[in-house]
Structure formats: structure tokens, C-alpha cells
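Per this note's numbering, the sequence shown starts with residue 32, numbered consecutively.
Where a beta carbon is used, it is the ideal one built from N, C-alpha and C, also for glycine.
Just so we're clear, the structure is a prediction, and the values are computed from it rather than from any experiment.
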Amino acid sequence: MNSIKINNLPYRRNISCIIFKAEKFLLIQNNDWLKDWWKFPQGGVDDKENVEKAALRELKEELGNDKFKIIKKSKITNQYDWNNKSLEISGYKWRGQKQNYLLVEFIGTDEDIKIDPQEIRQYKWVTFDELWPSIDHDDKNFANYKATLEEVFEEFNLMSKGLILTG
32 MNSIKINNLP
42 YRRNISCIIF
52 KAEKFLLIQN
62 NDWLKDWWKF
72 PQGGVDDKEN
82 VEKAALRELK
92 EELGNDKFKI
102 IKKSKITNQY
112 DWNNKSLEIS
122 GYKWRGQKQN
132 YLLVEFIGTD
142 EDIKIDPQEI
152 RQYKWVTFDE
162 LWPSIDHDDK
172 NFANYKATLE
182 EVFEEFNLMS
192 KGLILTG
């Protein structure tokens, strides 16, 4: 498929969930990613869904439970083009994603998390200081990811070592 056709493809609507519990953040690793690649749980937004509904659906599918509370929706988005492997996996339906962000509190326990082994290799909880090295990768699929998340964290007032106050 040539680049002119790829450049004419639309962007897929996507939601990324910044999941926290206390002062830790939940990251996932997809089966088809390299072993050191991590992101917040995310997924596509169907045509008739709003981002909140899509987020809760994706979290239920990927993490096997509904023990999540949406706190805030970010005004910030990240639009990026996919690498060749992701283009192929998508069947050349989209050229990349336009990603929205939600701050989501996990109100369950680790025993409630039942990852979908068809999609997710593993998950981990990280501190604020462990977060940035985990998500910053030199790949087209991670374009602007860290920089955008830093803006989202600033918008949500999460920049002080991950201290999160709810309520």
C-alpha cells in the first residue's frame, strides 16, 4: 500500500485510561509489543459510543472487571500515525489514532484484575517516578505519547510525584 493512500486514511477514535489507585498507576503490555513497551489501557471508540462508555467497555474487556470510577476527561488529545505493523493489523482501515484521555480510579483489588490473555501479556503498577521510563519509546506508535501525558498530568494536577487526591 503506498503512502498516498495511507495518508488518505482516517484516524481511529481512541480512549486512553490513566488508571490510578493510591499513588500508583496501572500500565499494560499488549501481546504483540516488545517486552519493555508499556501504555495505559486503551481502545477504540465505536461509532455510537462516547469516550466514557468506550473506556468502561474496554476496561471490562481487557482487565476483566468493572471496578473503575471515571474522575475527569482531559481536553488534550494526541493524534499519531501507526507503524507499518499496526497499519497491517488494522487492515489498512485507519492511518493511526486520535487519542482522548480519562483519569480513572481503580476501586477494586488486584484479585479483581483478570487480563484478557488474547490481548494483554501482563500488567504492572508503577509509581510516578517509574511511569515515564516505562512509557517513553522510540516508535511511531508512541509518537508524542510521553509529552502528551505530561500535559494531561499537568491538567489533572498530577505532576507532584503522583499524589492524587479525589473527592
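Span of the beta strand (DSSP E) around residue i
i: K155; result: 151–157
i: L133; result: 127–137
i: S47; result: 42–52
i: F99; result: 99–104
Buried or exposed (CB count within 10 angstroms, at least 16 for buried), residue i
i: S153; result: Correcting the residue identity first, residue 153 is Gln in this sequence and not Ser. Per the 10 Å Cβ criterion, exposed.
i: N62; result: exposed
i: P72; result: buried
i: L118; result: buried
i: Y123; result: exposed
i: N109; result: buried
i: E54; result: exposed
Range covered by the alpha helix (DSSP H) that runs through residue i
i: F184; result: 176–186
i: N114; result: N114 -> no alpha helix (DSSP H), and no H or E assigned at all.
Inter-residue Cα distance where the pair is residue i and residue j
i: I46; j: Q130; result: 5 Å
i: A174; j: F159; result: 20 Å
i: I138; j: K36; result: 44 Å
i: G127; j: D141; result: 32 Å
i: M32; j: W68; result: The pLDDT assigned to M32 is 48, lower than 50, so where the model puts this residue is not dependable; a value taken from the coordinates is nonetheless given after this. Rounded to whole angstroms, M32 to W68 spans 27 Å at the Cα level.
i: W163; j: V157; result: 10 Å
i: A85; j: K104; result: 13 Å
i: W113; j: I120; result: 10 Å
i: L196; j: G75; result: Note that L196 scores a pLDDT of 45, beneath 50, so its modelled location is shaky; the value from the coordinates is reported in the next line. Computed Cα separation, rounded: 29 Å.
i: D77; j: N39; result: 20 Å
i: N81; j: R88; result: 11 Å
8 Å contact criterion, which residue i and residue j should meet: CB distance rounded
i: Y42; j: W125; result: 6 Å
i: K106; j: E186; result: 7 Å
i: I102; j: L65; result: Not a contact, Cβ separation roughly 31 Å.
i: E182; j: E93; result: With 8 Å as the limit, E182 and E93 do not qualify as a contact, their Cβ atoms being about 24 Å apart.
Taking only runs that begin and end inside the stretch 56–97, name each unbroken beta strand (DSSP E) of 3 or more residues, in chain order. 73–75
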